[in-house]
Structures are given as structure tokens and as C-alpha cells.
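Next up, the structure:
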């Protein structure tokens, strides 16, 4: 039995690699911009920022990337 996972675009997949790559791609630009490290995702993205953990919803990550 495979697990169905939600992608950031709202579609679903049972491919673990596709799932992981899609979420990491959403965070990649913010990580480059801030130096943060992605540590968790779905439904929110969680980053290690120095000695603090920052949790942001997907819409906020997308908004910060635009700025």
C-alpha cells in the first residue's frame, strides 16, 4: 500500500522522491537568501535559523521569495 502525499501545488503523488523534491524546491530560494536550513515541511515549512527554529506557511515562504 502506498501513501498519497500532497504537493505544494495542491496535487497529490505517491512518489516519495517527487514529494520531497517539490517541497525542497519551494524552500530553496529562501534558504539561499537567508542562509537558513530546511528541516521539515508539509503543511508548513520549518527552518533552522542559527539557534532558532522558524516555521512559516507556504504562502509566506512564497511571499518572502518575491521580495
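Residue numbers (the working numbering): -4 to 62.
Glycine residues also receive a C-beta, built at the ideal position from the N, C-alpha and C atoms.
What you are looking at is a predicted structure, and each value in this text was computed from that prediction instead of being measured.
| field | Backbone CA spacing between residue 26 and residue 36 [nearest angstrom] | value | Here residue 26 refers to the residue found at position 31 when the chain shown is read from its first residue. Here residue 36 refers to the residue found at position 41 when the chain shown is read from its first residue. Straight-line Cα distance between these residues: approximately 13 angstroms.
| query | Which whole runs of the alpha helix (DSSP H) in the region 7 to 33 are 4 residues long or more, in chain order? | reply | 11 to 29
| Nearest residue (CA-CA) to residue 5, options 38, 28, -3 | As a first step, residue 5 is located in the chain shown; it is residue number 10 there, counting from the start. For the residues 38, 28, -3, the minimum Cα distance to residue 5 belongs to 38.
| Beta-bridge pairing of residue 39 - partner residues as DSSP gives them | Indexing the chain shown from 1 puts residue 39 at position 44. DSSP lists 52 as partners of residue 39.
| Once you ignore the five residues that flank residue 48 on each side, which residues in its own chain have a CB closer than 8 angstroms to its CB? | Locating residue 48 in the chain shown gives position 53, where the first residue counts as 1. Result list for residue 48: 34, 41, 42, in chain order.
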